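Residues in the sequence shown are numbered consecutively from -17, following the working numbering.
Right, one structure below, let's go through it.
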Amino acid sequence: ERRPVLTQMTTSAVLWGVGDVLAQRLEYWELQNERQKQLTMAAAAHTIKPVKGVPPRAAEVAASHASSDRQLVIDWKRAILTGLFGALFVGPVGHYWYMAIDKWCNKLVPGGGPVFVATKVAIDTAAMGPFYVSAFFAWGCAFMDGTSWEGFKRKMQVGCTLLHACQLAALSLLSAEVHQMTAWHYL
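And the structure:
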């Protein structure tokens, strides 16, 4: 209650940073599964019968060990920069946004209830969703990827629509639960 913005900044930094570490683990796991599928398909296509006294070709040996050689290496710079985005953008912007949206929705749909929550979710998803994604892409291009303005525009054309569709599909229910349970005047 005494320092709500600082609390939001700290919480957002931790959640975004830890979330990125978990995302990196998921990316590694998916890459390992894809490599294993490729090796299995290659082995099925080219069944190699060892011939006594003939050493295997170097490429065959390398391919058979490729999936087990790669260890997970966390990109701590990426995780820290992602956490900083949470602290410097999501925390303070989210704090004031959710306080404002609560006030607006109380005027539009007084009394609370499911319509009130649905209104908050609709406004949040339509207005803040694309803004957050755009801000994160800009942050990533500027500080993480070193991408040019053209790279940022490409990322927005391809990724923004996809991420917003995922937000609409998956996060709306979670967002409704959060909006229903959270008293934003305490933040």
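In this text, a Cβ means the ideal position worked out from N, Cα and C, and glycines have one as well.
Remember, predicted model here, so these are calculated numbers, not experimental data.
Residues of the same chain with a CB within less than 8 Å of the CB of Arg60, apart from the 5 flanking positions on each side, are Asp2, Gln6, Met126 in chain order. The beta carbon of Trp79 sits closer than 7 Å to those of Met110, all from its chain and outside the five residues before and after it, given in chain order. Within the same chain, Phe134 come within 7 Å of Ala120 by CB-CB distance, once the 5 residues on both sides are set aside. Per DSSP, reduced to three states, the secondary structure at Gly122 is helical. With a threshold of 16 other beta carbon atoms within 10 Å, Met23 falls short and is exposed. Cα atoms of Trp58 and Pro92: separation of roughly 46 Å, rounded to the nearest angstrom.
Contact annotation: Cys87 and Ile62 have beta-carbon atoms that are not nearer than 8 Å. Per DSSP, reduced to three states, the secondary structure at Ser130 is coil, with no helix or strand assignment. Distance check between Cys148 and each of Thr107, Trp131, Gly128, Cys123 places Thr107 closest, using alpha-carbon atoms only.
Judged by their CB atoms, Ser130 and Gly73 are not nearer to each other than the 8 Å cut-off. Counting the other CB atoms within 10 Å of its CB gives Ile83 a total of 16 or more, which places it among the buried residues. Per the C-alpha coordinates, the member of Leu(-3), Ala124, Phe118, Arg(-15) positioned closest to Cys142 is Phe118. Comparing alpha-carbon positions, the option among Lys102, Val55, Phe71 lying closest to Leu(-12) turns out to be Phe71.
Straight through space, the alpha carbons of Arg52 and Ala26 are spaced by roughly 23 Å. Your pair Val115 and Leu145 checks out as a contact, with CB atoms roughly 5 Å apart and the cut at 8 Å. With a threshold of 16 other beta carbon atoms within 10 Å, Val99 meets it and is buried. Nearest to Gly(-1) by alpha-carbon distance, out of Leu66, Met(-9), Arg136, His77, is Leu66. Between Val140 and Gly94, the alpha-carbon positions lie close to 37 Å from each other.
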